[in-house]
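Each residue of the sequence shown is one higher than the last, beginning at 1 in UniProt numbering.
Glycine residues also receive a C-beta, built at the ideal position from the N, C-alpha and C atoms.
All figures in this text were calculated on a predicted structure; none of them were measured in a lab.
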Amino acid sequence: MTSADTTADSLTWTPLTLEDVPALTALLNRVDQADDLGEPAEEAGTREWLTMPGRDLALDSLAVRQGEELVAVSLVDVHIALDRDGRARCQLLGAVDPVHRRRGLGTALFEHGERRAAELASERHPGTAAVFRASGGRDPEASAPAEGPLTGGADVRPLLERRGYRRARSWLAMTRELPGADLPAVDPDGARVSAPADTEREATRLAHLAAFADHWGSAPIGEERWTVLWSSHTARRELSTIAVGGEGTVLAYAIAMEDRPGVLHLALVGTRPEARGRGLARAVIARTLAAGARAGYASAELEVDAESLTGATRLYDALGFTREHVYATFEKPLD
């Protein structure tokens with residue numbers, strides 16, 4: 001039972017199933033439109049999200065229904081590996097239909113999600129410190145009224161703060177027109193710069209593990225989840241780029257996806273620590289942007305840690321990206 005079970009007799013609380021893909025997609029799109037997120041969902045992506053390796057919908061999800069309509073949902077994702085700081089990372093994901101907010105549903109879903117995340121963290125990482133993590137949405141624009149309603153998913157922040165979550169990190173969403181200004185010529189320093197072949201999937205994953213090992217909150221991604229990302233229906237491998245050194249080692253990479261029509265999303269960009277400072281990140285990004293422009297994309301986008309220890313924000317500024325929005329991650333230690 002949850003604390004919101006008595007708010008309406010017509011509500012039922014059950015786990016998600018794959019049969020919910022159409023209803024969940026519709027819910028996510030209602031939330032996207034109301035919150036001005038600019039992240040429309042489609043059924044193929046929703047199915048990939050629900051079937052991610054390591055996910056048990058019967059235990060890790062909770063759906064709230066009114067009759068046949070899905071009105072709220074939560075999903076727990078506890079990473080199989082510890083993060084950079086040796087913590088179990090417990091991601092809490094969810095959505096509440098705008099017309100059903102302020103009824104206690106969000107609180108009940110967080111209560112369920114935190115209980116399940118604590119159980120799963122204890123199973124996977126016994127005796128290890130853990131942290132709950134949730135999205136705090138997009139910061140209001142400077143021109144927004146001080147007392148106006150929060151948009152961009154930020155209306156969850158009062159609930160997070162009441163539950164003891166605090167802002168832990170900020171992320172910059174950056175965009176660039178394509179083709180845009182000419183990109184500077186880059187010497188790849190002897191590396192081969194090209195689209196990755198399918199046979200280079202694991203070499204690229206290993207490069208990603210090395211590149212992000214020292215980044216805040218990062219935890220190694222396993223082979224199964226990497227394969228899902230690599231082969232996702234939104235993946236654009238021909239527009240992705242890797243820089244390969246001797247013996248086939250991937251030194252730098254830019255993984256491209258198309259989450260919105262006509263927008264090239266640089267989902268992952270990284271360079272092995274030993275290869276930093278050679279211009280390889282600039283080389284792989286430049287090749288991906290040029291390929292995207294030739295393919296007819298109107299713009300490119302990416303997200304970057306506002307406090308990136310590698311100075312990535314300066315690189316993206318130099319390549320013509322501009323800062324569009326700021327998003328927040330909230331955290332709470334698990335007692």
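Range covered by the beta strand (DSSP E) that runs through residue i
i      : result
Tyr165 : Looking at the DSSP string, Tyr165 is not in any beta strand (DSSP E), and its letter there is neither H nor E.
Arg192 : Arg192 to Ser194
Ala81  : Element bounds for Ala81: n/a, residue is neither H nor E.
Leu93  : Ala88 to Val96
Ala130 : Ala130 to Arg138
Minimum C-alpha distance to residue i - residue among the options
i           : options                           : result
Arg237      : Ala211, Gly296 and Asp198         : Asp198
Ala252      : Arg272, Leu59 and Tyr327          : Arg272
Tyr327      : Ala108, Pro22 and Ser170          : Ser170
Glu202      : Trp230, Ser218, Leu183 and Ala243 : Trp230
Arg163      : Ala129, Asp56 and Thr107          : Thr107
Arg157      : Tyr316, Ala23, Leu268 and Ala134  : Ala134
Trp226      : Gly54, Val186 and Val21           : Gly54
Asp83       : Thr14, Leu92 and Phe212           : Phe212
Asp35       : Val99, Glu161 and Leu105          : Val99
Leu268      : Asp305, Ala290, Thr249 and Arg294 : Asp305
Pro40       : Pro149, Glu48, Thr51 and Ala26    : Ala26
Arg30       : Ala286, Lys332 and Arg101         : Arg101
Gln33       : Ser232, Val21 and Ala95           : Ala95
Val250      : Ile285, Ala290, Leu183 and Thr204 : Thr204
Ala86       : Glu224, His215 and Leu109         : Ala is not the amino acid found at residue 86; the sequence shown has Gly there. The shortest Cα separation from Gly86 among Glu224, His215 and Leu109 belongs to His215.
residue 341 : Ala318, Gln91 and Ala291          : Nothing can be reported for residue 341: it is not among the residues displayed for the chain, which extend from 1 to 335.
Glu307      : Ala168, Thr234 and Leu183         : Ala168
Val284      : Ala235, Pro149 and Gly270         : Gly270
Pro333      : Gln91, Gly38, Met52 and Ser74     : Gln91
Gly248      : Thr234, Glu200, His233 and Ala286 : Glu200
Asp187      : Ala295, Arg282 and Gln66          : Arg282
Asp335      : Ser122, Pro220 and Gly67          : Ser122
Glu224      : Val21, Glu114, Pro22 and Met52    : Met52
Phe110      : Glu161, Pro149 and Pro140         : Glu161
Ala293      : His265, Pro140 and Val21          : His265
Residue i, enclosing alpha helix (DSSP H) - first and last residue
i      : result
Leu110 : Looking at the sequence shown, residue 110 is not Leu but Phe. First-last of the alpha helix (DSSP H) with Phe110: Leu105 to Arg124.
Ala154 : Note, Ala154: premise wrong, no alpha helix (DSSP H); not H, not E.
Thr46  : Glu43 to Leu50
Leu11  : Segment Leu11 to Thr14 is the beta strand (DSSP E) holding Leu11; no alpha helix (DSSP H) there.
Ala26  : Val21 to Asp35
Leu334 : Element bounds for Leu334: n/a, residue is neither H nor E.
Ala58  : Leu57 to Asp60
Beta-carbon proximity check, residue i vs residue j, cutoff 8 Å
i           : j      : result
Gly180      : Gly320 : yes
residue 396 : Val78  : Shown here, the chain extends from 1 to 335; a query on residue 396 therefore has no answer.
Ala117      : Phe132 : yes
Gly136      : Thr329 : yes
residue 360 : Glu69  : Outside the displayed range of the chain (1 to 335) lies residue 360, so it cannot be described from this structure.
Leu62       : His112 : yes
Arg276      : Thr310 : yes
His301      : Val263 : According to the sequence displayed, residue 301 carries Glu and not His. In contact: Glu301 and Val263 (Cβ atoms closer than 8 Å).
Leu11       : Leu24  : no
Asp97       : Ala130 : no
Tyr297      : Leu178 : yes
residue 371 : Arg138 : This structure cannot speak to residue 371, because the chain is shown only from 1 to 335.
Leu172      : Thr313 : yes
Arg47       : Leu93  : no
residue 362 : Ile80  : Residue 362 falls outside the range modelled here, since the chain spans only 1 to 335, and no answer is possible.
Leu57       : Leu50  : yes
Tyr165      : Glu331 : yes
Val64       : Leu105 : yes
residue 351 : Ser74  : Outside the displayed range of the chain (1 to 335) lies residue 351, so it cannot be described from this structure.
Ala286      : Leu159 : no
Gly45       : His233 : yes
Below-8 Å beta-carbon distance, residue i vs any chain D residue
i     : result
Asp97 : Looking at the structure shown, chain D is missing, and only one protein chain is on hand.
Entirely enclosed alpha helix (DSSP H) segments - the region 293–332, minimum 4 residues: Qualifying alpha helix (DSSP H) stretches, in chain order: 312–318.
Note down, one range per segment and in chain order, each alpha helix (DSSP H) of at least 4 residues found wholly within the region 248–297. Those alpha helix (DSSP H) runs which fall completely within the region 248–297 and span 4+ residues are 280–294.
If we count Cβ pairs, one from each stretch, closer than 8 Å, do we get three or more for the region 255–271 versus the region 206–223? Cβ pair count under 8 Å is three or more, so yes.
At what residue ranges does the region 177–246 contain a whole run of the beta strand (DSSP E), taking only runs of 3 or more? 192–194 and 241–244
If contact is defined by three or more beta carbon pairs under 8 Å, each pair taking one atom from either stretch, is the region 241–250 in contact with the region 185–192? A contact exists between the region 185–192 and the region 241–250.
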